[in-house]
Structures are given as C-alpha cells and as structure tokens.
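Down below is the structure, laid out as structure tokens.
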Amino acid sequence: MMKTSLCAIYSAIAVVLAAPTLCAETPAIFVDKSSAGWHYLHITDGGPPAGKDNRRFNNNWYGQTVANYRGNSNYPGPKFQPDGKAPFHYGGVDGLKGGTKLEVPPSGKRFTSYFLKPFDGGKEGSEHIAIDMLCDDGAFIYLNGELIARHNVTGQDNYKTLATRFGDEKNFVPIELIGEPKVQPGKNLLAISLHNNKATSSDLGFDIVLSNREGDQVITPTINRGPYLQAGSPTSATVRWRTNFAGSSVVKYGTAPDQLDQLAEIKEPTREHIVTINGLQPAVRYFYTVESRGGENFISSEASVNAYFQTHPQAGSKVDTRIWVIGDSGTTSKQKMDVYKSYLQRSAGQHTDAWLMLGDNAYNKGTDQEFQRAVFNAYPELLQNTFLWSCIGNHETYSDGGKTYLNVHTFPTKGESGGVASGSELYFSFDHGNIHFISIDSQSKENWQDKPGTGGMIDWLEQDLQATDKDWIVAFFHHGPYTKGSHDSDREPQHIAMRNYVTPLLEKYGTDLVLSGHSHCYERSMLVNGHHSKMDPSIDSKSATFTKDMLVDAGNGSTLGGVDAEGNFLNDASKGNGAYQKENNGGDKEVKGTVYSIVGASGKLSRWTDRSDDIVNPNPHPVFIVNLRVMGSMIIDVKNNQLHAQYIDEKNQVRDDFTIVKKGLK
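Under mature numbering (1 follows the signal peptide of the UniProt record, and there is no 0), the letters of the sequence shown match residues -24 to -1, 1 to 642, in that order.
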C-alpha cells in the first residue's frame, strides 16, 4: 500500500513535479450556508444513537469514513442519512428556511442530532479559518476527528448533554475556535453534534459557514514543524519541515555549521517541505539549515552544531551503533517527557544513530494536531539530528485510517535505505552498518491478515530476510507475539497473527531482537525459539503451550546484575547469568535464539492483563523473565559482535540489562 499523500506534499517531491495536481485551488469558503452533501443522524426515540455500544459511538462518529473522506473504518453506530442540505431544523427556528426539515421527536426526548460534511480543502488547505454559525441551541464542532469548537455547551459530548443556554435563532455569530485548527489540502470532514437546551424544547436547528481567512492574516513567517529527518541511507537523507505559508523548499548543507556550501532546492510552493538529498558520502556528518520563500514571506532555520544529519555507514561495515526505542509514547504527560529527558541525560554528547517508535505515537486518534503535540513539539532536540523510524499502531488509524501517519512520515519503499523494496511505507527495511532493521505492519487488516503466497507483506518479509547478509537483525512492529500486559496475546487477533507467519519467519532467518508496544508496560524474554504456529495457524501457540524445549538460554542475559522480586535492577554481577550466546547469521541462517521485548510504557502505564497494578506482573507470559509496570525506554548499543540493551526508567535508572554475543563473528 503506497502512501496516500496530500497534494501539497506531492508538490514538494521532485519525482512528481511534472505531474498534474488533483486538488482544486483553495477556495475562499470551504463550507457555505445552505450547502448540500451533508450526512446526518437524527434520533427520534430518545435512546442512545448506538444502543448499548454508545460509548464507542461517542468515540468514533465524528471521524468516520464518509463519502470520499477516509476516516475511521471501525465506526460501530447506525448509518448516517446521505444527501442532506443545510439548514437542518425542526419546530420553527426563525433564521432558518428551506434545507432539510427534521422529524420532531416526542417531548422529553429531544436531545442531540449529528451531522457530517465532507469538503475539499483545495490545493493548499488553510491554517487560518473562521466559523460563523446560526445555532439553536448548542454544538460541538469537529474537524478531521479533532474537536475545534464548543458553542453553548460544556463538558463531554454525550447524547444527553444539554446546551447551557438558548441559541440565537436569528443571526449567524462567530464561533470561538480551540487552538489553531487547520483545513488540510484535499479531503476534510466537518462534524457537528447539535444539542438542545431542554429535552422538551420545541425547536432545534443550525446552518454554518466555514471560511478561509488566509488572505486576511498578517503572517509572521514561521517554521511550525521540524525540521526533522527521515529515510536515511549511506548516500541520502530526507529533510522535512512545515511552514505557515506556501513557499520554496531549500536545504543548505555542508561539513561545518559555518560552511554550508551545498544546496538542494525545490521551487514549487508548499507548506509541507520534503527534500531528499542524494549523492552524499557514507558516515559523514552534514550540518544544515532549511529555508522557504513565498512572495514577501521568508523564513530560515539557524545553523547550529546540533542541526545536522549523519549519513549511515556503508552497508555491512562494523561500526558502533546507538539505538533509542520508545513505544506508545503518544501522550503529552510529564512522565512521558521525563522518559525523554532521561534519555537525553544518559546520551549527552553521543549521537543517536537510529530512533525507533513502536506505534501509538499520537494519542488518541493520530490526528495532525496530536502528532504535532506528541511528536514534533515533544522531541525537537532529537528530531533535528536523528533519523526517525516507526511502525504503525492502532491509534494512528482512528481518525483517518492512518492517512495522517503516512503523510507525516517518509519511509523507503524501493530499497533505497537497504533491504528489499516493499512498495509500501507500512512495512519496509533498512540497514545501518552491520544491522538490518525490519518494520512490520501489525495493524492494517490487509497486512496482519496476510498469508504466504499472496505477494503481500509475508512474502516480502521472507524475501527480505533471505536477502540480508548483515550480522544483526532487529524487527519491530506494534502488536508483539507475546504479552500479558494491558493486552493479552492469547486472545487478541493481531498478536495471534504475528505468531502465525511473522514470528516463524523471523526465527527461521536468525532474527536477534524483536521489539513491540501496544501493552503499556515493559516485558522482556529469555533467549527463546519455536513458540509459534510454525506457519500453520491451526497449531495452538498460546502461552500454555510454551515448553522448556523452547528455551535456548533461560538466564537473564546480563553480565551486570539482575532484576529482583520488587522490580529493581541490582547492579551486582553475581546476580547476572551472563550474556546470551548465538552463532553468527552469516552462514547457516537456521540460527536459534531470539529476544522479544514489549517497550510500551514510554507514554503511559496501564494495568496487567489480570487487572493488577503491581510493579511486577504477578501472572506473566512464560517467555518473559522481566515484567515491569514502569515508564521508560530502551537504549541499545551494538558494537561488532555484541548487542547490549538496557531499559531506563523516567528517573534515569537502569531497570533491566541484557547482552547478546555473536560467536564466530570476525
């Protein structure tokens, strides 16, 4: 599956500069009064819209897939009526005439009605919008799955939420917006829940105007996202950033902050800037600035010793590699930021070669605003000089099916960063020196339900594993094959699916480390092999089928110490069982022994499967030797024939430690 990019993003990619755009010019009014093309749900019996499942209705209705807008495909509620025309009303709202007359519910049952309007944001969308509304009585207003305004309502948007006052029945009034909502280029969805002031009220209705105020603004040119780095390789790097005006995309770069004597430029105006620089030298640190010019507007980042990208070493070369791993980090909590600060303190002065995010990077629905808050506003220091890699989680799909996730990332699809071309940014691979990384999609239905022989993800995975000759293989995907954290791998289909085909292939070709999230905890296995369905889904691979024969090494893998019964790491070598020993992958790939880890507590914690909130899981999965309900992240250092990993908590304390040693690796 290829990325469904916005037209503004397409315009910044050199290979398609000559292609015609599919988006119209940006209009002055996105949604006008008396507009057609509405979808609506009008409840007349006083009951919740989705019956007993009303909670899920409230979480999903305003971001669902409708008409040509691709949103949440998991909407469980009743179908919306199409082809409605504004205004919508019943009972006699003075300022509303024509449009769609709604049935009057019985007195005492006149609560809330729901409305959806897909619309085109044009070629550029808008970062400056305004809403004027005639509303009787109150409304929650959403844009692309994000709440952008409340009018005469407070609290939660529930079916029986009543407006706090009577609305103005005669006049359109300006609506105060929450934050700075943006209309995206191309397809958008406006959603409104319309609430009565009383369940006995005689009338209800609205009409709305959503307008583009871009031309009304005095713009202070701003880089409001990034710069950030994507899709690194030995000879290329992709630099991305966003501006609040449409302009050119320029990267100036060189081998010193005061010697930026090389330039990569795309002149096509855009707000979403994507510049891929080719022809670079391997393992070289290039300093850079970004700049954009559009009309009278100009903005440039500042040169700095911290603004750089470091190209990957030549594939296969044995170089020291630092990797940072975070999972389910999509909150904006203080604890999440403490996890980040702990890593910055521990890695001060050391370059991070690869940064892996394990999905659920932007709660709760993976909207653009949530990505801004949870990723781009949260990690600015690391984003400007570290290549960021990710796999998709479930929360990235809840607003638009994952479109925003794909739009904010640029991942290799043609093998340009190493590995076999996947043709998809949902699963891909890349090399860093003697390490082969594989990102797998455990969320998209067409991929986690894929089977061998279809030409899909599973076939690609085996081809990619067969092709690599790197000393180390690290795979990452959101739904781990084993967990008894906040999710149960014995019961949930994505986890089971990973044991059907993905895990057997990873082990067959000598994968050393598998990283996942989804469960909001930390779990880490012993060196294991064979606890899966052996490519036959009819074979039971639940936790009860785990046997000692599947243990390659039952120790804790540490030379430094071990985790005690209270979950503390004791820095005492006598508590360590020694490093895990493996044969080198370079010859026979039937190399037994893989470590599996759930690193899903970089943003929040949840209870264990048995609902306990103990620090140490009282009922762990049998593959795991460490089970911690502790916020943190994983730091991995690969040095020639050793892979050393530690779990670091939000207080910068070591909570787990293990090493894998490759025997026979020269």
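Don't be surprised by glycine CBs; every beta carbon is placed ideally from N, CA and C.
{"Check": "At which residues does the beta strand (DSSP E) containing Asn505 begin and terminate?", "Outcome": "Counting along the chain, Asn505 falls outside any beta strand (DSSP E), and DSSP gives it neither H nor E."}
{"Check": "Around the C-beta of Ala139, are 16 or more other C-beta atoms found within 10 angstroms, so that it is buried, or is it exposed?", "Outcome": "buried"}
{"Check": "What is the DSSP secondary structure of Pro469, reduced to helix, strand or coil?", "Outcome": "helix"}
{"Check": "Note down the Cα distance separating Asn48 from Gly377, rounded to an integer number of angstroms.", "Outcome": "5 Å"}
{"Check": "For Ala338, is the classification buried or exposed, using 16 other Cβ atoms within 10 angstroms of its Cβ as the cut-off for buried?", "Outcome": "buried"}
{"Check": "Given this structure, state the Cα-to-Cα distance separating Ser550 from Gly537, to the nearest angstrom.", "Outcome": "6 Å"}
{"Check": "Is the segment 578 to 585 touching the segment 508 to 527, taking contact as three or more C-beta pairs under 8 Å?", "Outcome": "no"}
{"Check": "In angstroms, rounded to a whole number, what distance separates the CA positions of Leu402 and Gln470?", "Outcome": "15 Å"}
{"Check": "Where Glu156 and Lys61 are concerned, what is the direct C-alpha to C-alpha distance, given to the nearest angstrom?", "Outcome": "28 Å"}
{"Check": "Take the Cβ of Ile411 as the centre, count every other Cβ of all protein chains shown within 10 Å, and call the residue buried at 16 or more, exposed below.", "Outcome": "buried"}
{"Check": "Give the range of the beta strand (DSSP E) segment to which Leu92 is assigned.", "Outcome": "88 to 96"}
{"Check": "Which runs of the beta strand (DSSP E), 3 residues or longer, sit entirely within the segment 205 to 246?", "Outcome": "213 to 230"}
{"Check": "Alpha carbon to alpha carbon, how far is Ala291 from Leu482?", "Outcome": "21 Å"}
{"Check": "Is DSSP giving Val599 helix, strand or coil here?", "Outcome": "coil"}
{"Check": "With distances taken from CA atoms, which of Pro480, Gly84, Lys93 is nearest Val185?", "Outcome": "Lys93"}
{"Check": "Let me know if Gly431 comes out buried or exposed under the rule of 16 or more other beta-carbons within 10 Å of its beta-carbon.", "Outcome": "exposed"}
{"Check": "With burial defined as no fewer than 16 other Cβ atoms inside 10 Å of the residue's Cβ, what is the status of Arg500: buried or exposed?", "Outcome": "buried"}
{"Check": "Using a Cβ-Cβ cutoff of less than 7 Å, which residues in the same chain neighbour Gln321 once the five nearest sequence positions on both sides are dropped?", "Outcome": "Asn628"}
{"Check": "Near Val444, which residues of its chain fall below 6 Å by C-beta distance, leaving aside the five closest residues on each side in sequence?", "Outcome": "Note on residue identity: the sequence assigns Thr, not Val, to residue 444. His412."}
{"Check": "Please classify Glu422: is it buried, with 16 or more other beta-carbons within 10 angstroms of its beta-carbon, or exposed?", "Outcome": "exposed"}
{"Check": "Quick check: Gly569 and Lys558, are their CB atoms within less than 7 Å of each other?", "Outcome": "yes"}
{"Check": "Ordered along the chain, which non-local residues of its own chain (more than five positions away) have a Cβ less than 6 Å from that of His597?", "Outcome": "Tyr458, Lys460, Ser519"}
{"Check": "Determine the extent of the alpha helix (DSSP H) in which Met433 is found, giving its start and end residues.", "Outcome": "433 to 443"}
{"Check": "Measuring only the C-alpha atoms, how far is Ala232 from Gln238?", "Outcome": "11 Å"}
{"Check": "Determine, for Glu483, whether the minimum Cβ-Cβ distance to residues of chain C falls below 7 Å.", "Outcome": "Looking for chain C here will not work: only one protein chain is present."}
{"Check": "Tell me which residues share the same chain as Phe634 and place their Cβ nearer than 6 Å to its Cβ, disregarding the 5 neighbours each side in the sequence.", "Outcome": "Gly533, Ser534, Ala621"}
{"Check": "Could you check if Gly533 belongs to the surroundings of the ligand ZN, using beta carbon to heavy atom distance under 6 Å?", "Outcome": "Absence of the ligand ZN is noted for the structure shown, with no ligands found whatsoever."}
{"Check": "To which residues of the same chain is Lys565 closer than 6 Å at the C-beta, ignoring the five residues directly before and after it?", "Outcome": "Low local confidence applies: a pLDDT of 49 at Lys565 is under 50, so the model's placement there is unreliable, with the coordinate-based value given in what follows. For Lys565, where only same-chain residues beyond five positions count, the Cβ hits under 6 Å are Tyr485, Gly486."}
{"Check": "Can the beta-carbon of Leu78 be found less than 7 Å from the beta-carbon of Tyr66?", "Outcome": "yes"}
{"Check": "Taking its Cβ as the centre, do 16 or more other Cβ atoms sit within 10 Å of Arg141, making it buried, or is it exposed?", "Outcome": "exposed"}
{"Check": "I think Tyr45 touches Leu165, with their Cβ atoms under 8 Å apart; what is that distance to the nearest whole Å?", "Outcome": "4 Å"}
{"Check": "Taking 8 Å as the threshold, find out whether the segment 173 to 185 comes into contact with the segment 196 to 210 through three or more Cβ pairs.", "Outcome": "no"}
{"Check": "Report the residue from Leu119, Gly306, Val215 whose alpha carbon sits nearest the alpha carbon of His385.", "Outcome": "Val215"}
{"Check": "Do Arg227 and Val260 have their C-beta atoms closer together than 7 Å?", "Outcome": "What sits at residue 227 in the sequence shown is Val, not Arg. Against a cut-off of 7 Å, the Cβ pair of Val260 and Val227 comes out as no contact."}
{"Check": "Skipping 5 residues on each side, what residues in its chain have a beta carbon closer than 6 Å to that of His508?", "Outcome": "Arg475, Thr479, Pro480, Ser517"}
{"Check": "Per DSSP, what kind of secondary structure is Trp584 in: helix, strand or coil?", "Outcome": "coil"}
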